[in-house]
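What follows is a short report on a single structure.
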Amino acid sequence: MRKLLMMLCLLCLAGMNAKADGTPQWAMDLLNKNAGLIDSIAAYHSDPKAPDYTTCVVYYNQPLQHAVPGSPRFHMRALVTVNKNVDYQTAVNHVFCSGYNIMDQYLERPDSTFRFTWDDATEIAHRYNANFIQIEHRYFRYSSPDKCWEQLDDCRAEEAAQDFHALFEALKKVFKGKWVMSGVSKGGITTLLHHTFYPADMDIFVPYAAPFFDSDRDRNMQKYWYNNGWSKEFRDMYMAVRQHGIQRLNTIFPIYEKMGGGDKTQAKRDTLYGLYLAGISQYGYTDHAYNDTTTIRRQMAKNLEIMKKKGLAYGDTVYAFMLMKDAFSLDSLPQWIDTLRKYPESRAEMPKMAVRRHHVRPFGIKEAQWFDTTDSTGQGYEYQSKCELGYFDASFDLLFDDPKTAEEWQKFWSDKYSCIRDVYTPFFSKLTYSRALYDRTMEATKNTTKPIILIYGEDDAWTGAAIKDQFVNGTNVRKVILPDQNHLVSYTSGTDADKCKQILQFLDQTLGTPPTDISISTVADKAKADCRKVMQGGKIYILRNNKKYTLTGVETD
């Protein structure tokens, strides 16, 4: 994919002087007004499914350290989609950041993906027929400096904000309309961080589902999803799995260990033990963040069918699977069972382990480790969360009726493993957290003169780490928690019409009346938003009319 994009860049640059190559006028203007700053602009071929849109990928030349003359430089990537029917010079400009890399589906089919996607990422751009600008955070995917794994200290919020500021200054020479910045989850964090450093860059900031921690051992989020489940039925179900994980430690952990692979070194065993304890403590937060009551109830029935076909009941192997996979769904359990049946379920008492402090390893990361990640977050986020963004930690106090027992387990965890972050990424364990960025961001938020609207879903586990009310002044800063919504919260879902109307009014006060009457009901009809978004097998899908679709609208099994 990278080679394809670079070839596309070269082809476009070769014919940049002639618009016959497909390069839009705004891109020509951008290059002409920012000589020496932008490395390349590549125009995508027109997508017949979205003839009203045109998109270019921009590689912007950035210094690794903005305050250091002669600093090494790298390419920061952005993706700009423009509605051909709107005057790009005066249109609203919607900046969306994930806080990570630009999503693959936008890089593969930017025009049609944008045209047919109405969600928390795009709903603002659609409402105002805006220029849609997606930005990639430094140290992620192709916006990574050369050999970035050898120097992580520049993966900082302030440096990233300076990247974005430089890009916005360049874009504003061409796009002269009003500006709004939004992001979801870490993108919501990044949006609020940008306000902290460069509030004048935007007319309004809209962080979605943005958690903010004042330490790297915050337990408030975990208590939120322990106590704010959808019903007592589901809360008890998840709690039962956690409690079984603790009570049957000696029989479940050996099976869990077999699932962990063939590395039998003491360091690997210690790490697996820490992951097991973390899994017990945090089990259920992913389901809480991305699902709903209907989906959970259907999956409960499906789980029973799966186990019945295999002649299984809830027991050590099933619990080991659920904790290892952090999964309530047992869809892939059968393939694990076929493997694990080679080993009898352990019934003997497991000898007590001399668990060592595994996280005293020297700091350091290799190239293979940097790119060896199964999700879109990557090691850049792990570094930021440990140094300046914070994270949540394991909490055992709600797993036991006896406070003394709970305290003993919490002490064991703190003494031996310190923090979830250290178990998952032990090579970052020697880094220390500073809350200076948190304090600066909260102070800037509380005293802002720019409008900020914070949007959260009530059923989202991460809402437990929402911006605290003391930093929401109620005049320039609003916080809206939408019921029956999760980490994919969006106002076009239509839940709680009054609150969604308040969000739209707040946006319109700054960005103006939408060019067309796009009401919540109209959006719901266009986007078919009367659906549910769920996570299954590590991927997010749309469930609508008993059919399942990918986020780009492709029907799947």
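In the numbering used here, the protein residues as written are 723 to 1279.
We put the beta carbon where it would ideally sit given N, CA and C, even for glycine.
DSSP places residue 919 inside the alpha helix (DSSP H), whose first and last residues are 908 to 919. Counting only unbroken stretches of 4 or more residues, the alpha helix (DSSP H) elements lying wholly within the region 793 to 869 are 826 to 830, 832 to 837, 845 to 849, in sequence order. Counting along the chain, residue 1272 sits inside no beta strand (DSSP E), nor does DSSP assign it H or E at all. It is roughly 32 Å from the alpha-carbon of residue 1012 to the alpha-carbon of residue 887. Looking at 901, 870, 919, the one whose alpha-carbon comes closest to that of residue 885 is 919. Within its own chain, the residues whose Cβ lies closer than 7 Å to the Cβ of residue 1056, once the five positions on either side in sequence are excluded, are 1028, 1032, listed in chain order. Remark: C-beta atoms of residue 904 and residue 796 do not approach each other more closely than 9 Å.
According to the DSSP secondary-structure assignment, residue 904 is paired through a beta bridge with 818, 928. Under the DSSP assignment, residue 1231 falls in the alpha helix (DSSP H) whose first and last residues are 1219 to 1233.
Approximately 5 Å separates the beta-carbon atoms of residue 780 and residue 800; this is inside 8 Å, confirming the contact.
Looking at the DSSP output, residue 948 sits in no beta bridge, so it has no partner there. Between residue 1173 and residue 1199, the C-beta spacing is below 9 Å. For residue 976, the enclosing alpha helix (DSSP H) has its first and last residue at 971 to 981. Approximately 5 Å separates the beta-carbon atoms of residue 902 and residue 926; this is inside 8 Å, confirming the contact. By the Cβ test, the region 1007 to 1025 is in contact with the region 1040 to 1060, since at least three Cβ pairs between them sit closer than 8 Å.
Between residue 881 and residue 786, the C-beta gap is smaller than 9 Å, which places the two residues in contact. Within the model, the alpha-carbon separation for residue 1207 versus residue 1162 is close to 30 Å.
Per DSSP, reduced to three states, the secondary structure at residue 894 is coil, with no helix or strand assignment. Taking C-beta atoms under 8 Å as the contact rule, residue 1112 and residue 1155 qualify, at a distance of about 6 Å. Annotation: residue 826 to residue 1127 spans about 47 Å, alpha carbon to alpha carbon. The beta carbon of residue 778 sits closer than 6 Å to those of 749, 763, 765, 802, all from its chain and outside the five residues before and after it, given in chain order. Here residue 1166 is not near residue 1007, since their CB atoms are 9 Å or more apart. Within the region 1014 to 1074, no beta strand (DSSP E) run of at least 3 residues lies entirely inside it.
Rounded to whole angstroms, residue 792 and residue 867 show a C-alpha spacing of 15 Å. Between residue 1048 and the set 1134, 960, 952, the nearest pair of CA atoms involves 960. When rounded, the separation of the alpha-carbon atoms in residue 775 and residue 992 is 53 Å.
Between residue 941 and residue 1188, the C-beta gap is not smaller than 9 Å, which leaves the two residues out of contact.
A direct Cα-Cα distance of roughly 16 Å separates residue 812 from residue 846. Looking at the DSSP output, residue 776 bridges to 804. The region 930 to 940 makes no contact with the region 1224 to 1238, as fewer than three CB pairs between them are under 8 Å.
By alpha-carbon distance to residue 898, the top candidate from 1233, 871, 1043 is 1233. Within its own chain, the residues whose Cβ lies closer than 8 Å to the Cβ of residue 896, once the five positions on either side in sequence are excluded, are 748, 751, 752, 755, 810, 811, listed in chain order. Counting only residues of its own chain and dropping the five nearest sequence neighbours on each side, residue 1120 has a CB closer than 6 Å to the CB of 948.
When the beta-carbon positions are compared, residue 1157 and residue 1150 stay at least 9 Å from each other.
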